[in-house]
Amino acid sequence: MSTYLYMNAWREILARGFDGQEVQPNVTPEWLVNPATRRRLKLDYLFPDIGVAVRFIGLTAKGQGKRSDWEALEDEQRDQTRVEMCKEHGVQLAVIDPADDPVKQMDGLLTVLSRASRVVAQGDKERAAKQKAMNDLAKVLKETTRIRTSLAQKPELVLATLAESWRDREAGIATKLQASSTAAQTNANGAKAARKFKQLDAGQRIAHTNFGQGVITAVDGEGADMRISILFDGDRERVFLASLVVDKLQAA
Numbered sequence: 000m001s002t003y004l005y006m007n008a009w010r011e012i013l014a015r016g017f018d019g020q021e022v023q024p025n026v027t028p029e030w031l032v033n034p035a036t037r038r039r040l041k042l043d044y045l046f047p048d049i050g051v052a053v054r055f056i057g058l059t060a061k062g063q064g065k066r067s068d069w070e071a072l073e074d075e076q077r078d079q080t081r082v083e084m085c086k087e088h089g090v091q092l093a094v095i096d097p098a099d100d101p102v103k104q105m106d107g108l109l110t111v112l113s114r115a116s117r118v119v120a121q122g123d124k125e126r127a128a129k130q131k132a133m134n135d136l137a138k139v140l141k142e143t144t145r146i147r148t149s150l151a152q153k154p155e156l157v158l159a160t161l162a163e164s165w166r167d168r169e170a171g172i173a174t175k176l177q178a179s180s181t182a183a184q185t186n187a188n189g190a191k192a193a194r195k196f197k198q199l200d201a202g203q204r205i206a207h208t209n210f211g212q213g214v215i216t217a218v219d220g221e222g223a224d225m226r227i228s229i230l231f232d233g234d235r236e237r238v239f240l241a242s243l244v245v246d247k248l249q250a251a
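If you want it as structure tokens, here you go:
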């Protein structure tokens, strides 16, 4: 996969893992200043309510040659400074190399999330705010762990699927799906999906009107919010919102 696709896959991982969290993308906080140069440093994502941030590394601009050992050392020192400055301000930073082993990178992200949970638990936030942050972090940890499990099974296939999902999200398709999911709870199509798919389980064979036959790999959620993951016979895995494929899926 290209760097572009790896980046798209990781953007989708973060979008799913941190779904519902306030996010500040491509931000340069006033407090994140390199003491050696007095220059402000950038974060790719900042989730202020739960004290977590993400910085991607290992990326080069198009046409840029291989970095020298000295430049690589400077980058490493800058990344370490970024981590330390974030900690000083109550933010746990995950440094991610999108092109590296995805399971290893996910393990690093999970470590950061666990540390953020401990920091919040031991911090001096007001009780209600602390409880909300703890609940939010637990939700993020659960979803990120689920994604990590999928990546460990078929890393290249899952990364490719995630990259494609991000492309759809950018095009606005995912936004429409989310809106349709909310509306489906109160309309007839959502009720029909809940009835038709309530017996589905992983391992069952199923047929899609457009993509042919495959095997269900996961069924997440309930009723109109149900999402069905199917590995088609051509080794292509896709995820469907149940309420949108109620007339397209049949037992094989």
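Numbered according to numbering that gives the first Met the number 0, the sequence shown spans residues 0 to 251. We put the CB at the ideal spot given by N, CA and C, even for glycine. Remember, it's a predicted structure, so these values are computed and weren't measured experimentally.
* To do: Measure the C-alpha to C-alpha separation of valine 262 and leucine 150 and round it to an integer number of angstroms.
  => The chain is shown only over 0 to 251; residue 262 falls outside these bounds and no answer can be derived.
* **Residue span of the beta strand (DSSP E) that contains alanine 52, given as start and end** => Numbered from its first residue, the sequence shown carries residue 52 at position 53. For alanine 52, the uninterrupted beta strand (DSSP E) segment begins and ends at 51 to 55.
* To do: Return helix, strand or coil for threonine 208, following the three-state DSSP convention.
  => To locate residue 208, count along the sequence shown from 1; it is residue 209. Reduced to three states, the DSSP call for threonine 208 is coil.
* Asked: threonine 36 by DSSP, collapsed to three states: which one?
  -> Numbered from its first residue, the sequence shown carries residue 36 at position 37. In this structure, threonine 36 counts as coil in the three-state DSSP scheme.
* Can you give the Cα-Cα distance for leucine 109 and tyrosine 44, rounded to whole angstroms? -> Here residue 109 refers to the residue found at position 110 of the sequence shown. Here residue 44 refers to the residue found at position 45 of the sequence shown. Cα to Cα, leucine 109 sits roughly 16 angstroms from tyrosine 44.
* Asked: With C-beta atoms as the reference, is phenylalanine 210 less than 8 angstroms away from arginine 237?
  -> Taking the sequence shown and counting its residues from 1, one reaches residue 210 at position 211. Taking the sequence shown and counting its residues from 1, one reaches residue 237 at position 238. Yes, the Cβ-Cβ distance between phenylalanine 210 and arginine 237 is below 8 angstroms.
* To do: Pick out whichever of Arg204, Leu13, Pro47, Gly19 has its Cα sitting closest to the Cα of proline 28.
  => What you label residue 28 is simply residue 29 of the sequence shown in a count that begins at 1. The option with the nearest alpha carbon to proline 28 is Pro47.
* **For serine 164, the three-state DSSP class (helix, strand or coil)** => On the sequence shown, position 165 is the one that residue 164 refers to. Of the three classes helix, strand and coil, the one that applies to serine 164 here is helix, per DSSP.
* Is alanine 252 helix, strand or coil by DSSP? -> Shown here, the chain extends from 0 to 251; a query on residue 252 therefore has no answer.
* To do: Please determine, among Leu248, Ala162, Ala170, Asp167, the residue with the shortest C-alpha to C-alpha distance to leucine 199.
  => Translated into positions along the sequence shown, residue 199 becomes position 200. When only C-alpha atoms are compared, the closest one is Leu248.
* Express the C-alpha separation of leucine 92 and leucine 243 in angstroms, rounding to a whole number. => Indexing the sequence shown from 1 puts residue 243 at position 244. Indexing the sequence shown from 1 puts residue 92 at position 93. Between leucine 243 and leucine 92, the C-alpha separation is close to 37 angstroms.
* Assign tyrosine 3 to buried or exposed, taking buried as 16 or more other Cβ atoms, counted over all protein chains shown, within 10 Å of its Cβ. => Here residue 3 is taken as the residue at index 4 of the sequence shown, counted from 1. Label assigned to tyrosine 3: exposed.
* Whose C-alpha, out of Leu13, Leu40, Gln20, Val111, is nearest the C-alpha of valine 26? -> Start at 1 with the first residue of the sequence shown, and residue 26 comes out as number 27. Among Leu13, Leu40, Gln20, Val111, the Cα nearest to that of valine 26 is on Leu40.
* Asked: What residues match up with leucine 240 in a beta bridge as DSSP calls it?
  -> For the purposes of this step, residue 240 is taken as residue 241 along the sequence shown, with counting starting at 1. Paired residues: Arg226.
* For the beta strand (DSSP E) containing proline 101, list its first residue and its last residue. => In the sequence shown, the residue the question calls residue 101 occupies position 102. Unbroken run through proline 101 is the alpha helix (DSSP H), 101 to 121; no beta strand (DSSP E).
* To do: For the alpha helix (DSSP H) holding alanine 132, just list the boundary residues, first then last.
  => Residue mapping note: residue 132 aligns to position 133 of the sequence shown, counting from 1. 126 to 152 is the span of the alpha helix (DSSP H), which, as asked, contains alanine 132.
* If we ignore side chains and look at the alpha-carbon of each, how far apart do valine 118 and glutamate 169 end up? -> Against the sequence shown, residue 118 aligns to sequence position 119. Against the sequence shown, residue 169 aligns to sequence position 170. So the two alpha carbons sit approximately 33 angstroms from each other.
* Asked: Which residues in the same chain have their Cβ closer than 7 angstroms to the Cβ of aspartate 234, if we skip the five residues on either side of it in sequence?
  -> Taking the first residue of the sequence shown as 1, we reach residue 234 at position 235. Hits under 7 angstroms: Leu156.
* Could you give the C-beta distance for leucine 42 and leucine 58, rounded to a whole number, given that I count them as a contact under 8 angstroms? -> Position 43 of the sequence shown, counted from the start, is the residue given in the question as residue 42. Position 59 of the sequence shown, counted from the start, is the residue given in the question as residue 58. That pair is no contact at about 14 angstroms.
* Anticipated Cβ contact below 8 angstroms, leucine 230 with glutamate 11, distance rounded -> To locate residue 230, count along the sequence shown from 1; it is residue 231. To locate residue 11, count along the sequence shown from 1; it is residue 12. Between glutamate 11 and leucine 230 the Cβ distance is about 18 angstroms, and since that is not below 8 angstroms, they are no contact.
* **isoleucine 95 - partner residues in DSSP beta bridges** => Numbered from 1 along the sequence shown, position 96 holds the residue referred to as residue 95. Answer is Phe55.
* **Assigned exposure category for serine 1 - 16 Cβ within 10 Å defines buried** => Start at 1 with the first residue of the sequence shown, and residue 1 comes out as number 2. By the 10 Å Cβ count, serine 1 comes out exposed.
* Of the listed residues Asp68, Glu70, Val102, nearest to threonine 148 (C-alpha basis) -> Position 149 of the sequence shown, counted from the start, is the residue given in the question as residue 148. Cα-wise, what sits closest to threonine 148 is Val102.
* Asked: If you follow the beta strand (DSSP E) that valine 26 is part of, which residue opens it and which one closes it?
  -> Taking the sequence shown and counting its residues from 1, the one referred to as residue 26 is at position 27. Taken as a continuous stretch (DSSP letters only), the beta strand (DSSP E) holding valine 26 covers 23 to 26.
* Asked: With C-beta atoms as the reference, is isoleucine 56 less than 8 angstroms away from aspartate 78?
  -> As a position in the sequence shown, residue 56 is number 57, starting the count at 1. As a position in the sequence shown, residue 78 is number 79, starting the count at 1. Result yes, Cβ atoms of isoleucine 56 and aspartate 78 sit closer than 8 angstroms.
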